[in-house]
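Have a look at the structure below, then the notes.
Laid out in structure tokens, this is it:
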């Protein structure tokens, strides 16, 4: 699956599916979580997240539903599907291969990304 | 569920509902299957189909079953389905008669049909009430079927005659 | 609530989404994002240009709109709407042509209740089942009334799934052990429980005979009656 490379530098699918595998989340929540955990490493235009989420939904990796969150505001939540979970396993595997290869090239020894 | 999955799901549900509609409202995909179900629901047959003849909007099915003969009709409906038409059942073949026959009407569609018991009969001649004469010389096994249409409401069955090879009247009747 | 500027930003995005039926959902989602973001800016003490900043953080309306349009394919959208409409219509059609007849037949009164209790001389429970092709006929009761009416109560159903076809509703020739034959009376229809009334049934007869013999289908049901009960 091709994901907008611009959004999160090639690992968009891995990151989004990982976050959704933990919890059902709405768009802005995903952005805040990404910012928090990555110490604002990932900088992107927030609006471009939505076409990506809608694409994940079209591909059957996630499904969405409307629900009221903590503050009683109705929001569109995204939930990972079983197809999405399978894809996440695949993405993690590929990421490990990729990062190991990069590490080998730049540092000689393989300190695989944990 | 993604939108394309929803489409697939909708199509499956749609087909299921179609199936329910078709089966429960007695629609059939072929004329013969409509005919067979019609006979069974009328506790008649299954008959042996001798001849199928088209008429405007449907088909006549000339058949016999044991000692009975029948001309059922099936009609086209909703574009590509068939349903039972008149729901005709058998008339017993009276073998003492040279020609055993019956006739029926459904709206403007009329049909006379029967069995030729006397092999000498080579030609069937049907006179309608307005004087029009219809003949048949090629039979289906030993059965005949003569359809006609009438919108004028005064052109029904008149008289049926059976001729032999030398044009001699062997059978004549105004009543089936 | 967003200011006209925020609204215009969202409208700009939506103007690129060709499948108009999805616009409302997208609008709601983007609006709630902007409102959340504004709230966060306000809490951080930047109330003044909160909305301005939130919009800037979103990015370019055209870029977002074009990308969203790719994910909201009008063709898929229309096919989805059409299949949904087709299902809804067919559900209605099926309810009308399939469901309604079933419901009316279930709600139909038991015709036994139409017979005035005061007139009943005797009521025999029969429970005899016969088969005619795919039709199962179950004779339930025979009720004899003081005025000479003999009521035969039966139900019937089809075992085949395909089609309902025709029903002549005939149950056979009705006679008694004395050799009297009776006109089968009224009855039939699409009701699952049928009452057939035979008038002037002999009160001397001690057996009711229902004889079906048409087109090589046969059954014969003999039901013992409490004949002569009036004379005793």
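Chains as they are written, first to last, in my numbering: chain F, 1330 to 1443; chain U, 41 to 216; chain W, -4 to 227. Heads up, the beta-carbon is just placed ideally off N, CA and C, and yes, glycines get one too.
- When 9 Å is used as the limit between beta carbons, residue 1356 of chain F is near no residue of chain U, the shortest such separation being about 18 Å.
- Beyond the five residues adjoining it in sequence on each side, residue 22 of chain W comes within less than 8 Å, by CB distance, of 5 and 9 in the same chain, given in chain order.
- In the DSSP annotation of this structure, the continuous segment of the beta strand (DSSP E) that includes residue 145 of chain U starts and ends at 139 to 146.
- Residue 84 of chain U and residue 134 of chain U have their C-alpha atoms spaced approximately 18 Å apart.
- Taking a beta-carbon distance threshold of 9 Å, residue 1366 of chain F does not count as an interface residue toward chain W.
- In this model, residue 202 of chain U and residue 111 of chain U are separated by some 19 Å (Cα to Cα).
- For residue 7 of chain W, there is no enclosing beta strand (DSSP E); the enclosing alpha helix (DSSP H) covers residues -1 to 9.
- Between the alpha carbons of residue 62 of chain W and residue 55 of chain W lies a distance of about 11 Å.
- The continuous beta strand (DSSP E) containing residue 217 of chain W extends over residues 212 to 219.
- Between residue 216 of chain U and residue 141 of chain U the beta-carbon gap is near 5 Å, inside 8 Å, which marks them as a contact.
- Ranked by how close their Cα comes to the Cα of residue 106 of chain W, the residues W:70, W:147 and W:220 have W:147 in first place.
- Judged by beta-carbon spacing, residue 82 of chain U lies beyond the 9 Å limit of residue 92 of chain U, meaning their Cβ atoms are not closer than that value.
- Here residue 57 of chain U really is in contact with residue 85 of chain W; their C-beta atoms are around 4 Å apart, less than 8 Å.
- Judged by pairs of C-beta atoms under 8 Å, the stretch 46 to 56 of chain U does not touch the stretch 1360 to 1376 of chain F, as fewer than three such pairs exist.
- In this structure, DSSP gives residue 211 of chain U an extended state, which the three-state scheme calls strand.
- Taking C-beta atoms under 8 Å as the contact rule, residue 1343 of chain F and residue 1420 of chain F qualify, at a distance of about 4 Å.
- Unbroken alpha helix (DSSP H) stretches of 4 residues or longer found wholly inside the stretch 67 to 150 of chain U: 71 to 81, given in chain order.
- When secondary structure is reduced to three states using DSSP, residue 167 of chain W falls in the coil class, being assigned neither helix nor strand.
- Within the same chain, Cβ atoms closer than 8 Å to the Cβ of residue 0 of chain W are found at 46, 47 and 50, the five residues on either side in sequence being excluded.
- For residue 61 of chain U, the nearest CB of chain W lies under 9 Å from its own CB, placing it at the interface with that chain.
- At least one CB of chain U lies nearer than 9 Å to the CB of residue 1389 of chain F.
- Within chain F, the residues whose beta carbon sits less than 7 Å from that of residue 66 of chain W are 1380, 1383, 1384 and 1387, listed in sequence order.
- Its chain contains 165, 166 and 167 as the residues whose beta carbon lies nearer than 8 Å to that of residue 173 of chain U, once the 5 sequence neighbours on both sides are disregarded; these appear in chain order.
- At least one beta carbon of chain W lies nearer than 9 Å to the beta carbon of residue 1377 of chain F.
- Cα atoms of residue 86 of chain U and residue 71 of chain U: separation of roughly 15 Å, rounded to the nearest angstrom.
- When DSSP states are grouped into helix, strand and coil, residue 50 of chain W belongs to the helix group.
- Of F:1391, F:1396, F:1416 and F:1348, the smallest CA-CA separation from residue 1364 of chain F is found for F:1348.
- Annotation for residue 188 of chain U: the continuous beta strand (DSSP E) segment containing it runs 183 to 189.
- For the stretch 5 to 20 of chain W, the set of positions with a beta-carbon nearer than 8 Å to some beta-carbon of chain F reads 8 and 20 in chain order.
- When Cβ-Cβ separations below 9 Å define contact, residue 206 of chain U makes no contact with chain W.
- When C-beta distances to chain W are compared with 8 Å, the residues of the stretch 115 to 142 of chain U below that value are 124, 127, 129 and 130, in chain order.
- The C-alpha of residue 30 of chain W is placed about 23 Å away from the C-alpha of residue 15 of chain W.
- In this structure, the beta-carbon distance from residue 199 of chain W to residue 173 of chain W falls below 9 Å.
- At a cut-off of 9 Å between beta-carbon atoms, residue 195 of chain W makes no contact with chain U.
- Closer than 9 Å to the CB of residue 1433 of chain F there is not a single CB belonging to chain W.
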